[in-house]
Each structure stands twice: as structure tokens, then as C-alpha cells.
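For reference, the structure discussed in these notes is given below.
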Amino acid sequence: MAAIANTIFSPELAARFDKLVTLYPVKRSALVPMLLYAQDEVGYVSDEVVAELAQRLDILELDVRNVLSYYSMLRTKPAGKYNVQVCTNISCMLRGGYELLDHCKHRLGIGHKGVTPDGLFSLEEVECIGACCWAPAAQVNYDFHEFLTPEKMDQVLDDYAAGRGKDVK
Amino acid sequence: MPNSVSHPDEVIVLKRRFGQGAANIDKYLELDGYKAAQMALENGPDWIINTMKASGLRGRGGAGFPTGLKWSFVPKQSAKPKYVLVNGDESEPGTCKDHVIFLDDPHAVIEGTMIAGLAIGAKMGFIYLRGEYRYLLKIMEKAVADAYAKGFLGKNIFGKDGVDFDIVTQTGAGAYEVGEESALMESLEGKRGVPRIKPPFPAVVGLYGGPTVINNAETIASVPHILLMGGEAYAKLGTERNGGTRLFGISGHVNKPGVYELPMGYSLRKAIYEVAGGIKDGKQLKAVVPGGSSCPVLKADEIDVGLDFDQMAKAGTMLGSGGIVVLDETVSIVEFAMRVMNFYQHESCGWCIPCREGTDWLKKTLVRFHAGGGNRKDIDNIQYLAENMMGRTFCPLGDAAAMPTLGFVKKFRSEFEEYLEGKRTEPLLIQIQPVGEPELAGAH
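Those protein sequence lines, which keep their order, are chains A and B.
The end of the first sequence is residue 169 by the working numbering, with every number in the run present.
The end of the second sequence is residue 613 by the working numbering, with every number in the run present.
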């Protein structure tokens, strides 16, 4: 018996959430991972997501929004199908992170937090992603791409555009 | 995939199982896996803590607190459940060592967590990875599931009656501040990652109000190796009061960037010029940020120093998270300082005013300075602001922003002045215009 009738999530995700809340001594602990997983499925954290997570965790929608607004990976508007996140923090900056970001801006025709008109790509300049020794690095959704050059970045974007890119959820 | 690197000067302890498929539990068992946990189970908490004390292991997150001592602070009797919390929210710019541990040896983290749990009498551990590490979470989740399937986790672990241990893995969702231990607990409790006041320290009042040991992922992954080789043997690999080896991530302008395992106290000069292959493209060294972006910078003539907590402190900087970022002669320190402050302003959680306002003010000043709109008074003002942030916040983020800034201004003051006079010729990388900054500090 599912914990929530009329869930907005897929049966798999709903079942995953039913289990997730039981793992912690306090249900609310599941909130941050739940927000991420919900975003992965819905594309962003919608009002409906906020309402259902609040109901699942017996907390106020305000509590959910309070947490939602804190974390930089969570968004309340749709991003592109492939969210390109270019790191420009120090280690990447020293090895061409800004050049890479500029290249992506030109190639995709969008700026920071922009989405291409076809909805395929969005672009973000992000802070350190933990790939400093393999700089410059970028993430497309959750996948890392290291030792990038503008040419390699083109290849990566071509692969995603053709549906050949890795996409771990 | 991160590339694997090696150098003859490396002393391999933590990296022993790297590149051998140890994410597979059977392979891990072949490589002496879970032997340390069973030794810990047989010998009991006092033996574990004494071995850890003898090892001289100090926290690899950056603060360098002795691990054995930290564990011994947890009260033996507690009305509330005790917990182990592994901090894998690796976010310090320049740091990617935990990344390779989760990738190459996930079971070492699990085994270390169990041993910490046995030492303090906890029945539950949490392994918290940063949100960006989703593919590493999958590796950790599989490793945890495999350990449950073998009976190493859950009820009656290793067939021992009455000894239970559970592990939950999860990620954050993007926040540097959550790498601070009290903010990490808040995040794990499903809240905004803002710091808690100390005392009480987590060893007394931590997660869900229970006594909690919080250790960095590298610290935890070192634990099984230490129990297997003995505390004294591990200590001997390093220097006095700085036992063992450590993963150093060398990045920036070097020929062979990578994560290397070097003994504590190893020469910083050799780490840059020999281990990491020297400065890229035959250029000259300008400066080194020795332990992640919050550590005060060292000039090119200050690198004859040993990589341990005490020697680095003596040199006026910190060993930090072991992320060594190397800058060649082409880098503008003004620009670098601005980029660093841009990060801290973005990541300040906004809880403490000196940090929230200080980082914002410093960023605005540095952005204006960088764009050519600075004046001489700004240089003093940057120093004044940074000095007034130090020690005035709940957590060390305020210090982490102030310390490198002070280092840049004090050690490269002439460069700031020459920048004003238009004498600096380094090519600038960043185009940030100082006009209108609608963002509020702390808002993402």
C-alpha cells in the first residue's frame, strides 16, 4: 500500500520514497535526497513536488521551500534536458575553465542559467565540482567530463545532441 | 574518468587497493578487506582507540584534529543513540581526493565507518557525499548493499550476536557550507545547512541530539589500513605528531596533475617539481595555494616546507584539505583573489553577519578593483574587512574567506598597487562587470 494516494511520481520513485523515509531515525532527514530525486524525474522542483514532499514528511510546505532555496543544485524552473555545468573555480580557471565557458556560451547561444530554445541544453557556470586534478572539467547532468578543450567539449555536446551521451541518474 | 597517476616517491597505504577493482566486494576481500573490522570486533573499543591514538592520524578534512582523541571524547554511556557521520561533502576548491577514494575503494569507507562505530558504541553510520557525486553515490550504494548481503552490515554483523550496524548513504544538493560539520548535521536532518554554535561539540550533542563522531572520508578510509598495519607502523611513515600518509591533489599549472599519496612532512617543493612534474610549459612558479582555497598563499620562495600540519602552520599557512593549487607567473593575483572571493560570497550561508556582509563587500571591492575602478584605499580596506571577519562567525567559512585574502594582500601588495598604476600585464581571464549586483549574499 503506497504511502500517498494519487502521487505525482512514477510508481518506482514513489516506492523509493516510501522506503527512503524509513531509513532515518527522523523522516525529515530524507528531504534533501528526495528533492534531488524528484527534480531528476520532474525536471525541476514544482509546486506539486513541494506539496507532496511536505505531505510525505509531515512538514510544512514552507519547511520544504526553506530547504529548497538553500541548495544550489535545486531549481524551481525547468532546465535543459542536458544541463551543462562548467566549473570556473581556481583549478579549472588556471587550465582554461573560462575559455570553455565562453565556448559553450557561443556554441549554445545562451548565457549562465540559460536554456536553448529547443530545450535540449542549459548552461551553468558552477563552483568547484571536485575534479580539480583533471581540470578543466564540466558536468552534463551528473556525468563528469575531464581534461576538456573547446574541441573536446564540442564532441561531448555533439554526443548528447545525438542522444549518445552518458546520462546517469 | 579521473586518470590514475603514480610516482616512485609515493608511499602507498590508502591507495593500496586502487585500480584493482576493489569496488567489487570479493576482490576487496581478497585484498585483506573486512579483516580490520573483524579485528576491531574481537579486540574491542579500547584497543581500537589506542591504536588510532598511536597512529598519529589527524583529520584529513583540514582541521587536523587527532582522530583517536576525537573518538575518545564520545561518552561511553548515552541515553540517546550514538552515530558515525562520514563527511564526503568534499567542496574545498582544489580538492578531489575523496572522489578517488569513493571511486576506487568504496569498501574502505564502509569498513572504516563500522570500525568507528565499534569504537564509540554506535549502531548506525551515515556516509554523506556531495550532490555532484551522483555516480560515486551509486558505487557506494552498491558497496553497502553487497556488504549487507554478506552479513557484514545489519543485525549480528560477522555473525556476532548482539552487534548491529547499519549504514545509510546519501548526497547533498550543492552547498560548500555543508562540508562544515555542524552544517552537515543540519543538512542530514533535512534542514538548511547552517552551522550550530559550539559547544556543545558533536561528540556530546550531535546528530538527532546524540553523541556523534564526524570524520572526513579520507580519515575514515585510512582506519582499516591502520588497524591492519598497527598504529606505530603507520605513525612512523610520517613526521612527529603527524602520522602516516596523505592524499595530495596537485592541480593548476603543473605537468602531471593528479592525486598522489605522499608521507606527511614530504617537501612541498619536491611535490611540485618532482612528483607533479614541475611547472607546465616551462614557466616560472609564482605562488602555491597549499591546501585548498582557504589556505593563505605561499610565494615561490616559500615552498621549502614540509607537508604536515605543524610545519605548514609554522610557515603561516595550513595543510588544509591537501589540495595543492599551483600558479605560474602568468596569473594575476588580483584576479585570482577576486575569483576566490567570488566563491566564498556565493557559498556564505548568510547565517553570521560578518561572513555574509564581509564576503559580499570584499567581492564587490575586488570586482571593482579588477575592472580597473579601484583606488589605493581599497587595498587597506580589503585587509581591514578580512581582519574583522576572522573568528567572528559560528563556523570557519568566514575565516576561510578572510585568510587567503589577507595572504594575497600582504604577500602581493605591490602587485595590487601596480595593478592600480596599470603596470601589470597578465592576460585577464574573467570578464565580470561591477555594475549593479542584484544578488543577495547567501542566495543562490
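Backbone N, C-alpha and C define an ideal beta-carbon position, used for all residues, glycine too.
Nothing here was measured: the structure is a model prediction, and the numbers come from that model.
Strictly by DSSP, which residues pair up with residue i?
{"i": "residue 145/A", "result": "138/A"}
{"i": "residue 577/B", "result": "Partner(s): none; residue 577/B has no beta bridge."}
{"i": "residue 381/B", "result": "252/B"}
{"i": "residue 295/B", "result": "254/B, 337/B"}
{"i": "residue 227/B", "result": "235/B"}
{"i": "residue 229/A", "result": "Since the first and last residues shown for chain A are 1 and 169, residue 229/A lies out of range."}
{"i": "residue 456/B", "result": "468/B, 496/B"}
{"i": "residue 420/B", "result": "494/B"}
{"i": "residue 411/B", "result": "408/B"}
{"i": "residue 448/B", "result": "423/B"}
{"i": "residue 261/B", "result": "Partner(s): none; residue 261/B has no beta bridge."}
{"i": "residue 527/B", "result": "Residue 527/B pairs with nothing; no bridge assigned."}
{"i": "residue 123/A", "result": "84/A"}
{"i": "residue 475/B", "result": "436/B"}
{"i": "residue 323/B", "result": "334/B"}
{"i": "residue 461/B", "result": "459/B"}
Does DSSP put residue i in a helix, in a strand, or in coil?
{"i": "residue 203/B", "result": "coil"}
{"i": "residue 118/A", "result": "coil"}
{"i": "residue 534/B", "result": "helix"}
{"i": "residue 254/B", "result": "strand"}
{"i": "residue 515/B", "result": "helix"}
{"i": "residue 613/B", "result": "Low confidence applies to residue 613/B: its pLDDT is 41, below 50, so where it sits in the model is not reliable enough to give any reading."}
{"i": "residue 608/B", "result": "Bear in mind that a pLDDT of 43 at residue 608/B, under 50, signals an unreliable position, so the number given afterwards is only what the model happens to contain. Three-state DSSP puts residue 608/B in coil, outside helix and strand."}
{"i": "residue 432/B", "result": "strand"}
{"i": "residue 166/A", "result": "coil"}
{"i": "residue 82/A", "result": "strand"}
{"i": "residue 87/A", "result": "strand"}
{"i": "residue 185/B", "result": "helix"}
{"i": "residue 396/B", "result": "helix"}
{"i": "residue 329/B", "result": "coil"}
{"i": "residue 343/B", "result": "coil"}
{"i": "residue 178/B", "result": "coil"}
{"i": "residue 561/B", "result": "coil"}
{"i": "residue 585/B", "result": "helix"}
{"i": "residue 284/B", "result": "helix"}
{"i": "residue 371/B", "result": "coil"}
{"i": "residue 600/B", "result": "coil"}
{"i": "residue 72/A", "result": "coil"}
For residue i, which residues in chain B fall below 7 angstroms Cβ to Cβ?
{"i": "residue 31/A", "result": "359"}
{"i": "residue 146/A", "result": "171"}
{"i": "residue 156/A", "result": "Those do not exist, as residue 156/A stays about 14 angstroms from chain B at its closest Cβ, beyond 7 angstroms."}
{"i": "residue 58/A", "result": "What residue 58/A touches in chain B: nothing, since even the nearest Cβ is about 11 angstroms away."}
Can you list the residues of chain A that residue i reaches, using a CB-CB cut of under 8 angstroms?
{"i": "residue 344/B", "result": "70, 71, 72"}
{"i": "residue 419/B", "result": "133"}
{"i": "residue 268/B", "result": "130, 131"}
{"i": "residue 392/B", "result": "Those do not exist, as residue 392/B stays about 22 angstroms from chain A at its closest Cβ, beyond 8 angstroms."}
Looking at the unbroken beta strand (DSSP E) that takes in residue i, where does it start and where does it end?
{"i": "residue 361/B", "result": "First-last for residue 361/B: undefined, no H or E at that position."}
{"i": "residue 318/B", "result": "Here residue 318/B belongs to no beta strand (DSSP E); instead the alpha helix (DSSP H) covers 303-318."}
Chain A partners of residue i, CB-CB under 7 angstroms?
{"i": "residue 492/B", "result": "132"}
{"i": "residue 301/B", "result": "129, 130, 139"}
{"i": "residue 444/B", "result": "The contacting residues do not exist; residue 444/B stays about 12 angstroms from chain A at best."}
{"i": "residue 382/B", "result": "Chain A residues near residue 382/B: none, gap ~16 angstroms exceeds 7 angstroms."}
Residue i lies in the alpha helix (DSSP H); which residues open and close that run?
{"i": "residue 131/A", "result": "Here residue 131/A belongs to no alpha helix (DSSP H), and DSSP marks it neither H nor E."}
{"i": "residue 551/B", "result": "545-558"}
{"i": "residue 50/A", "result": "47-57"}
{"i": "residue 354/B", "result": "350-357"}
{"i": "residue 487/B", "result": "Unbroken run through residue 487/B: none, as it is neither H nor E."}
{"i": "residue 152/A", "result": "150-161"}
{"i": "residue 106/A", "result": "97-108"}
What in chain A is Cβ-close to residue i, meaning under 9 angstroms?
{"i": "residue 222/B", "result": "The contacting residues do not exist; residue 222/B stays about 30 angstroms from chain A at best."}
{"i": "residue 371/B", "result": "Under the 9 angstroms cutoff, chain A gives no residues; its nearest Cβ is about 15 angstroms from residue 371/B."}
Name the chain B residues that come within less than 9 angstroms of residue i, Cβ to Cβ?
{"i": "residue 66/A", "result": "360, 361"}
{"i": "residue 53/A", "result": "Chain B residues near residue 53/A: none, gap ~10 angstroms exceeds 9 angstroms."}
I want to verify the contact list: residues of chain B whose CB lies under 8 angstroms from the CB of residue i, in sequence order.
{"i": "residue 143/A", "result": "304"}
{"i": "residue 62/A", "result": "What residue 62/A touches in chain B: nothing, since even the nearest Cβ is about 12 angstroms away."}
Closer than 9 angstroms between beta carbons: that is the criterion. Which residues of the stretch 245-265 of chain B meet it against chain A? Against chain A - using a Cβ distance shorter than 9 angstroms - the residues of the stretch 245-265 of chain B are 250, 252, 259, 260, 261, 262, 263, 264, 265.
So if I threshold CB-CB distances at 7 angstroms, which residues from the stretch 115-141 of chain A count as touching chain B? 127, 128, 129, 130, 131, 132, 133, 134, 135, 139
Going along the chain, which residues of the stretch 588-600 of chain B sit with their C-beta nearer than 9 angstroms to a C-beta in chain A? Result list: 598, 599, 600.
Taking a Cβ distance cut-off of 8 angstroms, strictly less, list which residues of the stretch 523-554 of chain B are near chain A, in chain order. Taking 8 angstroms as the Cβ-Cβ cut-off against chain A, none of the residues of the stretch 523-554 of chain B qualify.
Interface residues of the stretch 76-92 of chain A facing chain B [CB-CB below 7 angstroms]: 89, 90, 91
Report the residues of the stretch 12-29 of chain A with a CB closer than 7 angstroms to any CB of chain B, ordered along the chain. If the cut-off is 7 angstroms between Cβ atoms, the stretch 12-29 of chain A has 23, 24, 25, 26, 28, 29 near chain B.
Against chain B: residues of the stretch 98-112 of chain A by CB proximity under 9 angstroms: 98, 99, 102
Short of 7 angstroms Cβ to Cβ, which residues in the stretch 33-50 of chain A face chain B? 33, 35, 36
Name the residues in the stretch 504-524 of chain B whose C-beta lies less than 8 angstroms from a C-beta of chain A; which are they? The stretch 504-524 of chain B vs chain A, Cβ under 8 angstroms: 505, 508, 509, 512, 515, 516, 518.
Contact set between the stretch 435-468 of chain B and chain A, restricted to residues whose Cβ is under 8 angstroms from the partner: 458, 462
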